[in-house]
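Asks: Just passing along the structure, written as structure tokens.
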Amino acid sequence: MTAQPPAPTSPPAFLTRHLPPPNPDRPHITLTWAQSLDAKIAGKNGSRVILSGPESMLMTHWLRTMHDAILVGINTIVLDDPRLKIQLIPPHINAHPPQPLILDPKLRFPLSSRILAEWNARASKPEVVRQPWILCGDTVDVKLVQQVEQAGARVIPVSLDAEGRIPPNALPDILRSLNLRSVMIEGGSAILSSFLRSPPRDDASPLVDSIIVTVAPMFIGDGIGFVPEADEHALPQIETVYTETMGKDAVMVCKIKA
Numbered sequence: 001m002t003a004q005p006p007a008p009t010s011p012p013a014f015l016t017r018h019l020p021p022p023n024p025d026r027p028h029i030t031l032t033w034a035q036s037l038d039a040k041i042a043g044k045n046g047s048r049v050i051l052s053g054p055e056s057m058l059m060t061h062w063l064r065t066m067h068d069a070i071l072v073g074i075n076t077i078v079l080d081d082p083r084l085k086i087q088l089i090p091p092h093i094n095a096h097p098p099q100p101l102i103l104d105p106k107l108r109f110p111l112s113s114r115i116l117a118e119w120n121a122r123a124s125k126p127e128v129v130r131q132p133w134i135l136c137g138d139t140v141d142v143k144l145v146q147q148v149e150q151a152g153a154r155v156i157p158v159s160l161d162a163e164g165r166i167p168p169n170a171l172p173d174i175l176r177s178l179n180l181r182s183v184m185i186e187g188g189s190a191i192l193s194s195f196l197r198s199p200p201r202d203d204a205s206p207l208v209d210s211i212i213v214t215v216a217p218m219f220i221g222d223g224i225g226f227v228p229e230a231d232e233h234a235l236p237q238i239e240t241v242y243t244e245t246m247g248k249d250a251v252m253v254c255k256i257k258a
């Protein structure tokens, strides 16, 4: 019987080579997702599909430790009920768990979510658990805000754009106000699309600094693409910086062409 190799005690080298050190003056924004060969991230009607193999899934948890925050949209919370933790990292390493951020303009956050339940049960858990922070519109009813906060989450009202959304280009200032130097954005498709299609920052550099895509050798067919079909025409040009084979998957580090 072949002995299993010891679990790694640090992030994959290709991640440390291609992600810059934290800069509080310019929060780093990473987009990341796993997709099939036909560019799908979920099955029909958003049903969950396991795409990443164990090696690339562990890589994703290491990637989480390299960011101050992890961000998803409210649809991801409702459909997938994710934990947004780093439970695959060996506990003795004392790795840094990211701060969960949820884009939720109308404050639809379900009080039955696992991420909130684990926060409220943190006293009985050996690992570090982060309180979910919810970014909602500043016009949300105060009573609803109080209800969600009394349930255990932190609610952070922010300004909305004319379409009732939290504009992606507001995120750097929001991160700075929360003393967060970097964020890893995991989806869903509407969130990924909005950040990919956003205009540059004030200094003319791309809003998104890094793109890390895991491609699984499978087809989904009828499913949800990594961006909505209506947005495909407006995607930016990107270039591949590095590709790493991890088990059955290919992990690509990319950036938006300036």
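So the sequence shown is numbered by UniProt numbering: it starts at 1 and just counts up by one.
Here a beta-carbon is modelled for each residue, glycine too, at the ideal position from N, C-alpha and C.
Indicate whether V145 and P110 have their beta-carbon atoms separated by less than 8 Å.
Replies: no
Asks: Please name the residue, chosen from P12, N23, A34 and T30, that lies closest to A216 on a Cα-to-Cα basis.
Replies: Closest in C-alpha terms to A216, from the list P12, N23, A34 and T30, comes A34.
Asks: Suppose the cutoff is 6 Å on Cβ atoms and the five residues either side in sequence are ignored; what does the same chain contact list for K257 look like?
Replies: Q237 and E239
Asks: Could you pull the start and end residues of the beta strand (DSSP E) that E55 belongs to?
Replies: Here E55 belongs to no beta strand (DSSP E); instead the alpha helix (DSSP H) covers P54 to T65.
Asks: Apart from the five residues on each side of it in sequence, which residues of its chain come closer than 6 Å, Cβ to Cβ, to G53?
Replies: G247, K248 and D249
Asks: Using only alpha-carbon positions, find the residue among A95, I224, V183 and F219 that is nearest to T9.
Replies: A95
Asks: Classify V253 as buried or exposed, calling it buried when 16 or more other Cβ atoms lie within 10 Å of its own Cβ.
Replies: buried
Asks: Report the CB separation of I102 from I134 in whole angstroms; it is logged as a contact under 8 Å.
Replies: 5 Å
Asks: In or out: A153 buried (at least 16 other Cβ within 10 Å) or exposed?
Replies: buried
Asks: Which residue spans inside the stretch 12 to 56 form an unbroken alpha helix (DSSP H) run of at least 4?
Replies: 13 to 18
Asks: Near S198, which residues of its chain fall below 7 Å by C-beta distance, leaving aside the five closest residues on each side in sequence?
Replies: P168, N169 and L207
Asks: Alpha carbon to alpha carbon, how far is L15 from residue 270? Give it in angstroms, no decimals.
Replies: Any answer about residue 270 is impossible in this case: the structure gives the chain only from 1 up to 258.
Asks: Identify every run of the beta strand (DSSP E) within the stretch 116 to 181, keeping only runs that are complete inside it and at least 3 residues long; order them along the chain.
Replies: With a minimum length of 3 residues, the continuous beta strand (DSSP E) runs that stay inside the stretch 116 to 181 are 133 to 137 and 154 to 158.
Asks: Assign F219 to one of two classes, buried (16 or more other C-beta atoms within 10 Å of its C-beta) or exposed (fewer than that).
Replies: exposed
Asks: Within 10 angstroms of its Cβ, does S210 collect 16 or more other Cβ (buried), or is it exposed?
Replies: buried
Asks: Rounded to whole angstroms, how far is the Cβ of P91 from the Cβ of I115, which I believe are closer than 8 Å?
Replies: About 19 Å separates the two Cβ atoms, so there is no contact after all.
Asks: If you check the beta carbons only, do H67 and S182 fall under 8 Å apart?
Replies: yes
Asks: Report the option in G187, D202, S177 and L107 whose CA atom is closest to the CA atom of A42.
Replies: G187
Asks: In angstroms with no decimal places, state the Cα-to-Cα distance between E127 and P24.
Replies: 27 Å
Asks: So within the stretch 67 to 114, which uninterrupted beta strand (DSSP E) runs reach at least 3 residues, ignoring any that extend past its ends?
Replies: Entirely contained in the stretch 67 to 114, the beta strand (DSSP E) runs reaching 3 residues are, in chain order, 69 to 73 and 99 to 103.
Asks: Less than 8 Å separating the beta-carbons of D138 and S159?
Replies: yes
Asks: Below 8 Å on the Cβ atoms is my contact criterion, and I expect L37 with L196 to pass it. Report the Cβ-Cβ distance as a whole number of Å.
Replies: That belief does not hold up - the Cβ atoms of L37 and L196 are roughly 20 Å apart, past 8 Å.
Asks: Going straight from the alpha carbon of S112 to that of V148, what length do you get?
Replies: For S112 and V148, the gap between their C-alpha atoms comes out near 11 Å.
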